[in-house]
Each structure stands twice: as structure tokens, then as C-alpha cells.
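What follows is one structure encoded as C-alpha cells, with my remarks underneath.
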Amino acid sequence: MHTEHIHKRAYTEQETAAYIGMSRSFLRQSRMEGHRLNRTEAPPFIKIGRAVRYLKEDLDNWLDQHRKQAHLSYGEREHA
Numbered sequence: 001m002h003t004e005h006i007h008k009r010a011y012t013e014q015e016t017a018a019y020i021g022m023s024r025s026f027l028r029q030s031r032m033e034g035h036r037l038n039r040t041e042a043p044p045f046i047k048i049g050r051a052v053r054y055l056k057e058d059l060d061n062w063l064d065q066h067r068k069q070a071h072l073s074y075g076e077r078e079h080a
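The letter at position 26 of the sequence shown is residue 26 when you use the UniProt record's numbering, and the numbering goes up by one with no holes.
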């Protein structure tokens, strides 16, 4: 029997939390509340029926957007 390695494109909430290093509660809360001032915006998600999924390319883009290019200033370090 020939089996091919399948690359997943859509991740579950649990897989997404592990992939981006955040908690499942962060993902749930940010989906329910939307973007709030002074809170990290959650990655985009899709719904297929009742199932919530996150696309790998969206997660990679989200991670890239949160990359810091320079050292944190003194004020940012206190809040990190």
C-alpha cells in the first residue's frame, strides 16, 4: 500500500496554539472579543460549519508581523 505524506494546511485550535506558542484560551477569547486596545490581535481564522480552523499561511504571516526588528526600548521591556 502506497501512502503519501500529506501536509496540513488547516490547523485545529489545539494545533494552532502549539504552533504559535500561545494558549487555547487566548485564541478563544480573542475570537469572541475581537481586537481590543493594548491586546495582541489573534491570527485570522475560518469556520467550516461549527469547526474553527487556522490556515498555516495565515499563522506564518501573523508570526512574521509580530517579529521585532530592534531591541525593545526601556518602557517596552517593563511591559513585556
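The C-beta atom is built at its ideal place from N, Cα and C for all residues, glycine as well.
This one's a predicted model, so the numbers in the text were calculated from it and none came from an experiment.
- Message: Quick check on Arg9: does DSSP put it in helix, strand or coil?
- Response: coil
- Task: Would you please state the rounded distance, in angstroms, between the beta carbons of Leu55 and Ile20? I believe it to be under 8 Å.
- Result: So it is not a contact: roughly 12 Å between Cβ atoms.
- Nearest residue (CA-CA) to Ala10, options Glu57, Gln29, Arg50: Glu57
- Query: Smallest Cα separation from Glu13: which of Asp64, Arg67, Glu41, Lys47?
  - Reply: For the set Asp64, Arg67, Glu41, Lys47, the Cα lying nearest the Cα of Glu13 is the one of Lys47.
- Task: Over the uninterrupted alpha helix (DSSP H) stretch that includes Leu55, give me the two end residues.
- Result: Taken as a continuous stretch (DSSP letters only), Leu55 belongs to no alpha helix (DSSP H), being part of the beta strand (DSSP E) at 51-55.
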